[in-house]
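Student:
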Amino acid sequence: GYLGRPGLTAERFVPDPFAERPGERMYKTGDLARWQADGSLAYLGRNDEQVKVRGFRIELGDIAAALRNCDGVRQAAVVAGEDSTGDKRLIAYVVGDCDVVLQADALRIQLGARLPDYMLPTAYVQLPALPLTTNGKLDRHALPAPDADALATQAHVAPEGELETVLAKLWSELIGIERIGRHDDFFALGGHSLLAVRLISRIRTSLGLELPLGTLFAHPRLTELAQALSSAAASTLPTIVPIDRAQPLPLSFAQQRLWFLAQFDAQADLAYLMPNGLHLRGGLDRDALRRALDRIVARHETLRTRIALHNDEPVQIIDADNVGLRLSEHDLSAYPDPDAQVRHHAEEETLTGFDPACDTLARGRLLRLADDHHVLLITLHHLISDGWSMSLLVRELSALYAAFAHGLPDPLPPLSLQYADIVIWQRRWISGEVLQRQREFWVEHLHDAPRVVQLPTDRVRPALPDHGGDAIEIALDAELSAALKALSQRHGTTVFMTMLAAWGVLLARLSGQHQVVIGTPIANRYRSEVEPLIGLFANTQALHIDLRGNPSVAELLAQVRATALAAQDHQDLPFEQVIEALNPVRSLAHHPVFQVMFAWQNTPVSDIALPGLALQPLPQMLAARKFDLELTLEERHSCIVGSIGYATALFERSTIQRVLACFMHLLKGMSTQDSVRVAQLPWLPADQCDQLLRTFNAHEPILRPVATLTRALHAQVQRAPRAAALIDGKLVVSYAELQARAAVLAQRLLASGVTPGACVALLL
1 GYLGRPGLTA ERFVPDPFAE RPGERMYKTG DLARWQADGS LAYLGRNDEQ
51 VKVRGFRIEL GDIAAALRNC DGVRQAAVVA GEDSTGDKRL IAYVVGDCDV
101 VLQADALRIQ LGARLPDYML PTAYVQLPAL PLTTNGKLDR HALPAPDADA
151 LATQAHVAPE GELETVLAKL WSELIGIERI GRHDDFFALG GHSLLAVRLI
201 SRIRTSLGLE LPLGTLFAHP RLTELAQALS SAAASTLPTI VPIDRAQPLP
251 LSFAQQRLWF LAQFDAQADL AYLMPNGLHL RGGLDRDALR RALDRIVARH
301 ETLRTRIALH NDEPVQIIDA DNVGLRLSEH DLSAYPDPDA QVRHHAEEET
351 LTGFDPACDT LARGRLLRLA DDHHVLLITL HHLISDGWSM SLLVRELSAL
401 YAAFAHGLPD PLPPLSLQYA DIVIWQRRWI SGEVLQRQRE FWVEHLHDAP
451 RVVQLPTDRV RPALPDHGGD AIEIALDAEL SAALKALSQR HGTTVFMTML
501 AAWGVLLARL SGQHQVVIGT PIANRYRSEV EPLIGLFANT QALHIDLRGN
551 PSVAELLAQV RATALAAQDH QDLPFEQVIE ALNPVRSLAH HPVFQVMFAW
601 QNTPVSDIAL PGLALQPLPQ MLAARKFDLE LTLEERHSCI VGSIGYATAL
651 FERSTIQRVL ACFMHLLKGM STQDSVRVAQ LPWLPADQCD QLLRTFNAHE
701 PILRPVATLT RALHAQVQRA PRAAALIDGK LVVSYAELQA RAAVLAQRLL
751 ASGVTPGACV ALLL
């Protein structure tokens, strides 16, 4: 192994950042894992078969596994080779069953149904057997090179003309792939709904053209999109400019609703806290950390904003840029169990609200467990932050701490606009014709949708929600994740749209309703000017999924795609005004428009890196739940992962585990049966079917011989013909008379054409 091989030893035995004594090392296994919410590790696989091709991280083993499921393939291996231009290409090596001759086109078609475009091999080489080493492992060096012609079939074709060149540059910036070809597909390269919105914003800024989102979905290839852009209309969106800070600064529409909620229900306000925690192991530069946090507060007015009443209306009050972050420091090193104290402080953060009139809406705690071990807790209120903002804060903290720790100046560019500028622009833009047009869309979209999803709960819904909640993690394996991505690609949907459709089907099955409304958050940052700002820009959309008529999976995906695109075209209207326009019957027991959420996490993710420190996220601090069910998903390491959050006042954990099992079973059915009607999709796993059909019916009924009613009546006539059978006041009918009348009626029915098994109405 490592004897006499110092280079390999140094590569595999790396410095231990968690060591108590300096100089200790740890073994780099090559295994991939991720931290879970409870602090445990979930194994993801090996990294020695992970390659990066055109910016995509690809697990070669996933492709090989999909190949082995193709017709006639006995063995398969995939490697990353280079073509004549030096670009990496995926090469598949296959061994057929017996003497089967495998056709590359047939394999490509079968793989295309299971994998996204970027995971499809460029070349296919059939071998009588895979070469092995003396240890029985694949000998990659002995694999023959494919024909040059095979690698050239999908060679890069450079963009042509000004529009294609500009588009290629924008795609490269957003997707993170250096070389974009004119025949590349935006979504096949990894584009999704949020990136599509950001691309449209970049096109507006760079070219001054307004491109409808639906046009990008209809023409996702670079050359087609450039052609569509050649006839696009000029953008009419007004420019955002800085406003006078001397005037009262109103809240945004979203802030206004959250502020009013906080006035009426302090407990509900806790549901809008955004707590985060991070272990810092190593030599922490506390001065650099504090300076970095204070600088972020100085950069973003939202982090030093209070909300108070002015002429009975809530307004923003922005404190001076030297106030810094409210950061308290706590030394826990003397406690016998410092970790327990960390959990106590973290829980306090989730249970301690803000006083918006007196305090800025951001705070932190720095906990010292030892000289080389700290925990940083940062809590923001949703009034000033959203998911995008948290990612932005992480990115800026990384850059500023690294600079200040090395004695360098602030490396971040100054901000030309602030949140208050956007608020004033929003209030002017969402008015008049724009307001009316968007209100009309949402009223039409939701007018006949059910206001409550009738989910079977374990407990009666309380009159007042207590916001208690828990969550169960979800992890789709690589094969199912790839199959769902391939399904999305075949039907021109994003993975978000496909998962939304599946979630809608499951909710319909559980509730027995044919229509469901699902809430979904959107970043609402469709202008490039707002991308670098921390603040509450996110909006919520209520998406109506209609399963009346029992559509096929393909038809449902088309419906959900059309719904999502139309919603994006009308995303300006704040959800608060959608509620006002619908004017639903209000209840304190539940949300007025929907009770179930689905969030697809595709906001830009920033990995925090602080020099000299090993970082580990604190186990997730569960905030209060605002809805009955909250499905949150994202794509990570080629797998779809996430969680189902639920209201503990309504559901037992075991119930949600069964719901999760049903969802996974439904996804497997959808991924392979897109022509099947949704009512015929399998959704109950075998164990739940067995429980319903066998376990719950596992009793021996007491069976007695039962005569027909006719025979029983005849027997009674034989025993006591004059006994009273019917009594109505003074009218008494004997059994013999009843039998005679029944016989007459039966003859009349037969004469009228009534056949056995037909339904006959009785007038009593």
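Under full-length UniProt numbering, residues 1 to 764 are what the sequence shown spells out, in order.
Glycine is no exception: its CB is placed at the ideal position from the N, C-alpha and C atoms.
On the three-pair Cβ rule with 8 Å, is the stretch 709 to 722 touching the stretch 738 to 758?
Tutor: Contact holds: three or more Cβ-Cβ distances are below 8 Å.
Student: In the structure shown, what three-state DSSP assignment does R741 receive?
Tutor: R741 falls in the helix class under three-state DSSP.
Student: Does DSSP put A152 in a helix, a strand or coil?
Tutor: Confidence in A152 is poor, its pLDDT being 46 and thus under 50, which makes the residue's placement too unreliable to answer from.
Student: Taking the C-alpha atoms as reference points, what is the distance between G757 and A743?
Tutor: Distance between the alpha carbons of G757 and A743: 18 Å.
Student: Kindly indicate the opening and closing residues of the beta strand (DSSP E) around A566.
Tutor: A566 -> not in any beta strand (DSSP E); alpha helix (DSSP H) instead, spanning V553 to D569.
Student: Rounded to whole angstroms, what is the Cα-Cα separation between residue 766 and Q680?
Tutor: Outside the shown range of the chain (1 to 764) lies residue 766, about which nothing can therefore be said.
Student: Is the stretch 96 to 104 touching the stretch 67 to 78, taking contact as three or more C-beta pairs under 8 Å?
Tutor: Contact between the stretch 96 to 104 and the stretch 67 to 78 is present, because at least three Cβ pairs lie under 8 Å.
Student: On the criterion of 16 or more Cβ atoms from any shown chain inside 10 Å, does F13 qualify as buried, or is it exposed?
Tutor: Counting Cβ neighbours within 10 Å, F13 comes out exposed, since fewer than 16 surround it.
Student: Name the DSSP bridge partner or partners of S328?
Tutor: Paired residue(s): R365.
Student: Work out the CA separation of Q255 and A483 for me, nearest whole Å.
Tutor: Taking the straight line from one Cα to the other gives about 40 Å.
Student: When DSSP labels each residue in this structure, what does K169 get in the three-state scheme?
Tutor: Looking at K169 - three-state DSSP - the assignment turns out to be helix.
Student: With a threshold of 7 Å, establish whether the CB of A581 neighbours any heavy atom of the ligand GDP.
Tutor: Inclusion of the ligand GDP in the displayed structure is not the case, the ligand content being empty and no account of it being possible.
Student: Who are the Cβ neighbours of H373 in its own chain at under 6 Å, not counting the five residues just before and after it?
Tutor: So the qualifying residues of the chain are R281.
Student: Between the Cα of G277 and the Cα atoms of D410, I384, P336 and V342, which residue gives the shortest distance?
Tutor: Comparing Cα-Cα distances from G277 to each of D410, I384, P336 and V342, the minimum goes to V342.
Student: Have a look at the DSSP bridge pairing and note the partners of K52.
Tutor: BP columns for K52 point to R57.
Student: Is it the case that the Cβ atoms of S638 and S416 are separated by a distance below 8 Å?
Tutor: Result no, Cβ atoms of S638 and S416 do not sit closer than 8 Å.
Student: Could I get the ranges of all uninterrupted alpha helix (DSSP H) runs contained in the stretch 231 to 302, with 4 residues as the minimum, in chain order?
Tutor: Listed in chain order, the complete alpha helix (DSSP H) runs (minimum 4 residues) inside the stretch 231 to 302 are 253 to 264, 266 to 269 and 286 to 299.
Student: Within 10 Å of its beta-carbon, does A357 have 16 or more other beta-carbons around it, so buried, or fewer, so exposed?
Tutor: Label assigned to A357: exposed.
Student: Rounded to whole angstroms, what's the CA-CA distance from L289 to L412? Just pull it up for me.
Tutor: Distance between the alpha carbons of L289 and L412 is about 16 Å.
Student: Return the chain-ordered list of same chain residues with a C-beta closer than 6 Å to the C-beta of H330, the five sequence neighbours on each side being excluded.
Tutor: The residues are L367.
Student: Over the uninterrupted beta strand (DSSP E) stretch that includes C639, give me the two end residues.
Tutor: Note, C639: beta strand (DSSP E), C639 to A647.
Student: Per DSSP, which one or two residues make a beta bridge with K88?
Tutor: Answer by DSSP bridge pairing, in chain order: E82.
Student: In chain order, what residues of the same chain lie with their CB nearer than 7 Å to the CB of I378, ignoring the 5 residues before and after it?
Tutor: Hits under 7 Å: N276 and G364.
Student: If I follow the unbroken alpha helix (DSSP H) through P338, where does it start and stop?
Tutor: P338 to L351 is the span of the alpha helix (DSSP H), which, as asked, contains P338.
Student: Counting pairs of Cβ atoms below 8 Å between the stretch 307 to 320 and the stretch 649 to 663, do you hit three or more?
Tutor: No contact exists between the stretch 307 to 320 and the stretch 649 to 663.
Student: To the nearest whole angstrom, what separates the beta carbons of G161 and A226, a pair I think is in contact under 8 Å?
Tutor: Contact flag correct, Cβ pair sits at about 7 Å.
Student: Please return the same chain residues whose Cβ sits closer than 6 Å to the Cβ of V578, not counting the five positions on each side in sequence.
Tutor: W442, listed in sequence order.
Student: What is the DSSP secondary structure of G519, counted as helix, strand or coil?
Tutor: In this structure, G519 counts as strand in the three-state DSSP scheme.
Student: Taking the alpha carbon of R625 as the reference point, which residue from L270, G353, L199 and F217 has its own alpha carbon closest?
Tutor: Among L270, G353, L199 and F217, the Cα nearest to that of R625 is on L270.
Student: Measuring alpha carbon to alpha carbon, tell me which of R114, D97, V78 and P146 ends up nearest L138.
Tutor: Selected option, being the one with the closest Cα: V78.
Student: Name the DSSP beta bridge partners of E634, please?
Tutor: Per DSSP, V641.
Student: How about the stretch 420 to 437 and the stretch 545 to 557: do they share at least three Cβ pairs that are nearer than 8 Å?
Tutor: These segments do not touch.
Student: Kindly indicate the opening and closing residues of the alpha helix (DSSP H) around E313.
Tutor: From DSSP, E313 is part of no alpha helix (DSSP H) but of the beta strand (DSSP E) over E313 to I318.
Student: Could you please give me the residues that DSSP links to D185 through a beta bridge?
Tutor: DSSP output for D185 lists R221 as bridge partner(s).
Student: Run the CB neighbour count on S431, radius 10 Å, all protein chains shown included, and call it buried at 16 or more, exposed below.
Tutor: With fewer than 16 other Cβ atoms within 10 Å, it is exposed.
Student: Pick out whichever of G549, V166 and V452 has its Cα sitting closest to the Cα of G519.
Tutor: Among G549, V166 and V452, the Cα nearest to that of G519 belongs to V452.
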